[in-house]
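Novice:
2 protein chains.
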Amino acid sequence: MKPVSIKDIARAARVSHSTVSRALRGSPLVNPKTAARIRRIAEKLGYLPSALGRSLKTRQTMTLGVVVNTIADPVMAELVAGIQEVANRAGYSILLAESHAEPERELRAVRSLLEHRVDGVLAAASRVGPDYRSLLEPIGVPIVLINNQHPQPYRHAVSIDSLPASLAITEHLIALGHRRIAYIGDRYGYQTDWERYTGYAEALRAHGIELRPELAVKGDGMIAGGIEAMSALLELRHRPTAVFCYNDLTAIGAMRAIRSRGLRIPQDISVAGFDDLFFSADTNPPLTTVRQPKRLMGAMAAEILLKVMAGEECEQDIRVPGELVIRESTGPPPSNSRTGDPS
Amino acid sequence: MKPVSIKDIARAARVSHSTVSRALRGSPLVNPKTAARIRRIAEKLGYLPSALGRSLKTRQTMTLGVVVNTIADPVMAELVAGIQEVANRAGYSILLAESHAEPERELRAVRSLLEHRVDGVLAAASRVGPDYRSLLEPIGVPIVLINNQHPQPYRHAVSIDSLPASLAITEHLIALGHRRIAYIGDRYGYQTDWERYTGYAEALRAHGIELRPELAVKGDGMIAGGIEAMSALLELRHRPTAVFCYNDLTAIGAMRAIRSRGLRIPQDISVAGFDDLFFSADTNPPLTTVRQPKRLMGAMAAEILLKVMAGEECEQDIRVPGELVIRESTGPPPSNSRTGDPS
DNA sequence: ATGAAAGCGCTAACAG
DNA sequence: CTGTTAGCGCTTTCAT
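Sequences listed follow chains L and V, in order. 1333 is the number of the first residue of the first sequence in this note's numbering; add one for each residue after it. 1333 is the number of the first residue of the second sequence in this note's numbering; add one for each residue after it.
1. Hey, V:R1627 and V:E1410: beta-carbon distance below 7 Å or not?
2. Taking DSSP as the reference, what is the three-state secondary structure of V:P1653?
3. Would you kindly check if the distance between the Cβ of L:A1419 and the Cβ of V:H1448 is under 7 Å?
4. As a quick exercise: from L:R1591, L:T1395, L:I1341, L:S1612, pick the residue whose alpha carbon is nearest that of V:I1426.
5. Among V:G1423, V:L1595, V:A1455, V:R1386, which residue has its Cα nearest to the Cα of V:G1630?
6. For V:V1336, which residues in the same chain have their Cβ closer than 6 Å to its Cβ, ignoring the five residues on either side in sequence?
7. With L:Y1529 as the anchor, note down where its alpha helix (DSSP H) starts and where it stops.
8. Cβ of L:A1409 less than 7 Å from any chain V Cβ?
9. Just tell me which of L:Y1522, L:A1564, L:A1548 has its CA closest to the CA of L:F1576.
10. For L:I1541, name the three-state secondary structure that DSSP assigns.
11. Taking just the CA atoms, how far does L:A1642 sit from V:R1371?
12. What residues from chain V crowd round L:I1516, counting only those whose CB sits closer than 9 Å?
13. Along chain V, which residues have their Cβ under 9 Å away from the Cβ of L:T1582?
14. Kindly indicate which residue of L:Y1486, L:V1453, L:I1506, L:V1640 has the alpha-carbon position closest to the one of L:T1662.
15. Taking the alpha-carbon positions, what's the V:R1528 to V:P1625 distance?
16. How big is the Cα-Cα spacing for L:R1588 and V:D1614?
17. For L:A1538, tell me which candidate among L:A1500, L:P1572, L:G1461 has the shortest Cα-Cα distance.
18. May I have a chain-ordered list of the alpha helix (DSSP H) segments no shorter than 4 residues that lie completely inside the segment 1357-1429 of chain L?
19. Consider the C-beta atom of V:L1508 and the heavy atoms of the ligand NAD; say whether any pair is separated by less than 6 Å.
20. Helix, strand or coil for L:T1351, going by three-state DSSP, please let me know.
21. If contact is defined by three or more beta carbon pairs under 8 Å, each pair taking one atom from either stretch, is the segment 1549-1566 of chain V in contact with the segment 1516-1531 of chain V?
22. Following the continuous beta strand (DSSP E) through V:A1583, name the residue where it begins and the one where it ends.
23. What is the rounded straight-line gap between the Cα of V:P1462 and the Cα of V:N1480?
24. Could you confirm whether any beta carbon from chain L is found closer than 7 Å to the beta carbon of V:G1397?
25. At a Cβ cut of 8 Å, what residues of the segment 1484-1513 of chain V count as close to chain L, listed as they run along the chain?
26. Beta-carbon of L:A1413 versus every beta-carbon of chain V: anything under 7 Å?
27. Report yes or no: do the segment 1460-1477 of chain L and the segment 1354-1363 of chain V share at least 3 C-beta pairs separated by less than 8 Å?
28. Helix, strand or coil: how does DSSP classify V:R1623 here?
29. Considering L:Y1515, what are the terminal residues of the beta strand (DSSP E) in which it resides?
30. In the DSSP assignment, find the alpha helix (DSSP H) that holds V:G1605 and state where it starts and stops.
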């Protein structure tokens, strides 16, 4: 079934298709009465302008490409919600693509977005940032990265400033008396993971606590990885009394593993996360974490992208501070391990 | 910056643009050696085919429109993840739109999708299902609804079969000894809300328990609404000993409200939800709920849509069963209220 | 095996 | 104020 086009309307209204085009776009160059008649006919015919035809001519699709790891990750979902908000307000639609943290898939996704001639790209948790260049540049599509792996080659990015927050949350654990503190990271080499580990390591160093390699393990940023990594930590001869996790999903996995061994949180082991998901206050116990303003960051990134697209120059690389949120998953270590660090 | 087109390649290769088109699409009608040369040049020039040009001609955009309430709702996010999975495998991209449960916005969103000439539409939790017709039919775009408000006018839908599951979960509460059971619904008149309420009401009736209007209140399907509605219930002279919530987000809100008054779950009040979000086993206490196979439902809906688009006929209206998941948020009522139903 | 030409739906420059 | 014409990038006859 062929949708009705301006030609069909033109025929019905006995005018040229250009007049229809003008009338429908509210051009002042057309007689108000004919314009009204044309609009009436268009309405009656159920006319919907074709973005394809228009875009081909105007070289704008009014479409933004968004690449996320997986939309099932609540961090990504919130980012996208923020992006949608500002994109829609500006009249843009969102083409959504998932990378599943696989570089090869990510590149394919971006290529598809570019074939659809999106006017701009937002990529969250990208693993291949630098490789975009060769794709993007010939087409000249602007891109803004969010919490990307490699900040270097791009001019526009917004990222959570993980290091200070991780330092703070680790010091919180130290202040509670912990000495044997583990870190469950991600496995993909994200910038954020590196910063969080670094904050953790610096806090330990600053307090004269030895960095034990066996206490820094890798999850996958999801619940499953948290379970697995924590299970391994619990097998250690001297298990940690506290664990700082790359993100809240990992922390939830860690808590499951801990509880499944009959251990209590935080009495036996303290757990801290990062992100502050919308339900992180509802876990058992409520999770100590770092608040990342996900929706805001999505919105900021979209604003920047729109500005860049409009040719305005603007902030290059925004670092958003996190905020320490202390809840009940962290507490003093069990008294029998408070005395020191038996090696 | 104008992207390179087949014309540019044609010029560089000293052939006509039709030959380029053929070569790039692997047509057998072109000399293998020229084809190879053309492909090499295309590669070197960083050519990316324009989906716009192609779609205009082929009348296919290889794009699916997806309408959700808000992507920040984990149920929607999982649905979309399921949709993406099958859509991508079939080579389709996803244009994502949010309705925010506002009919007016939903219609605008769908209109925008249709202007972009999506090949099919998936709408979850639609409030305006029937109104799509006048939009869709002139264009002939197939649509599949997921957990929609109005099943009637559409031929293809997949929905969770809420009634039996709600009956079962309410009977679970009754079996525990509860008599004063509340229901916190949604406020938008969704089919799912109606079914869940009906299951609740039928269970009560079947067990000779009076249906008290003041115990059936409305939230908004989100945490905030759960808090508000539960707070009101707690103000009642005779507060309920159990509450069945429209969905898990509402239940989480209810649990917050309950705990903020210093009451215990389930000792003072039992709470049950619906959906089984990926973290519903991690709440405090773990939530009794009904498992809805969200990702699967998204995938099924997408499969159906693809079939309909391909002209195959297939299942009309799939009802997916839910599965009762009993955890720790439900238990016997406090003993002082077990004796009966003081009015 | 290749080219020329038409046309998808739209906008816009130009001519009246 | 309106019509004619061209062209965006592509596919697809129809010739050759």
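Glycine included, every Cβ here is placed at the ideal spot set by N, Cα and C.
Specialist: Short version:
1. Taking 7 Å as the Cβ cut-off, V:R1627 and V:E1410 qualify as a contacting pair.
2. When DSSP states are grouped into helix, strand and coil, V:P1653 belongs to the strand group.
3. Contact: no.
4. The shortest Cα separation from V:I1426 among L:R1591, L:T1395, L:I1341, L:S1612 belongs to L:T1395.
5. It is V:A1455.
6. For V:V1336, where only same-chain residues beyond five positions count, the Cβ hits under 6 Å are L1377, Y1379.
7. The continuous alpha helix (DSSP H) containing L:Y1529 extends over residues 1523-1538.
8. The beta carbon of L:A1409 sits closer than 7 Å to some beta carbon of chain V.
9. If you compare the alpha carbons of L:Y1522, L:A1564, L:A1548 with that of L:F1576, the shortest gap goes to L:A1548.
10. Of the three classes helix, strand and coil, the one that applies to L:I1541 here is coil, per DSSP.
11. Across the structure, V:R1371 and L:A1642 are spaced so that their CA atoms are roughly 34 Å apart.
12. None at all; the shortest Cβ gap to chain V is about 16 Å.
13. Residues of chain V passing the Cβ test: none, with the nearest at roughly 12 Å.
14. When L:Y1486, L:V1453, L:I1506, L:V1640 are compared, the shortest CA-CA separation from L:T1662 is found for L:I1506.
15. Between V:R1528 and V:P1625, the alpha-carbon positions lie close to 17 Å from each other.
16. Here the alpha carbon of L:R1588 sits roughly 8 Å from the alpha carbon of V:D1614.
17. Taking only the C-alpha atoms, the option nearest L:A1538 is L:A1500.
18. Scanning the segment 1357-1429 of chain L for uninterrupted alpha helix (DSSP H) segments of 4 residues or longer gives 1364-1377, 1383-1390, 1406-1421, listed from N- to C-terminal end.
19. Questions concerning the ligand NAD fall outside what the structure shown contains, since it holds no ligand whatsoever.
20. Helix.
21. Enough Cβ pairs lie closer than 8 Å, so yes.
22. It is not in any beta strand (DSSP E) - V:A1583 instead sits in the alpha helix (DSSP H) that spans 1580-1592.
23. Each residue's alpha carbon lies about 10 Å from the other.
24. Cβ-Cβ to chain L under 7 Å: no for V:G1397.
25. Against chain L - using a Cβ distance shorter than 8 Å - the segment 1484-1513 of chain V contributes no residues.
26. Interface residue, yes.
27. No, because fewer than three Cβ pairs between the segment 1460-1477 of chain L and the segment 1354-1363 of chain V fall closer than 8 Å, the two stretches do not touch.
28. DSSP places V:R1623 in strand when its eight states are reduced to three.
29. Counting along the chain, L:Y1515 sits inside the beta strand (DSSP E) bounded by residues 1513-1517.
30. For V:G1605, no alpha helix (DSSP H) run applies, since DSSP gives it neither H nor E.
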